[in-house]
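Q: Handing you a structure now.
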Amino acid sequence: MSRYAVEVLPAARRQVKKLSSDAYRLVRPVIRSLAENPRPNGYKPLHGKLKGLYRIDAGNYRVVYQIKDDVLIVVVVKVANRRDVYR
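Its first residue numbered 3, the sequence shown is counted upward by one per residue in the working numbering.
Here you go:
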């Protein structure tokens, strides 16, 4: 499998910067691992208005992302606590 580039959108980057250090330690390796495998065990396709996006869990946090297979890019759209991620 080819390696994907991981792009974090500015809004998601701001969300990551606001995380506690413990939450950051959970989320960071999950985002980095998407370069090797954008469809890891436990990833879920989203539905409705979020169709075309995927999510992966990082503790109580969710990383929402898009996969662009044609150009080998994973775009991280949002990083938030599970209770807030879909608001």
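Using N, Cα and C, we set each Cβ at its ideal position, and we do this for glycine too.
(1) In chain order, what residues of the same chain lie with their CB nearer than 7 angstroms to the CB of residue 75, ignoring the 5 residues before and after it?
(2) Please report how far the alpha carbon of residue 14 lies from the alpha carbon of residue 61, in whole angstroms.
(3) Run the CB neighbour count on residue 18, radius 10 Å, all protein chains shown included, and call it buried at 16 or more, exposed below.
(4) Report, in whole angstroms, the separation of the C-beta atoms of residue 88 and residue 69, which I expect to be a contact under 8 angstroms.
(5) Please name the residue, chosen from 42, 73, 67, that lies closest to residue 53 on a Cα-to-Cα basis.
(6) Three-state secondary structure (DSSP) at residue 45?
(7) Are the Cβ atoms of residue 58 and residue 32 separated by less than 8 angstroms?
(8) Residues bridged to residue 83 by DSSP?
(9) Take residue 65 as the anchor and find which of 72, 71, 83 has the nearest alpha-carbon.
A: Reading from the atomic positions:
(1) 6, 7, 9
(2) 17 angstroms
(3) buried
(4) Contact flag wrong, Cβ pair sits at about 19 angstroms.
(5) 67
(6) If DSSP states are grouped into helix, strand and coil, residue 45 belongs with coil.
(7) yes
(8) 63
(9) 83
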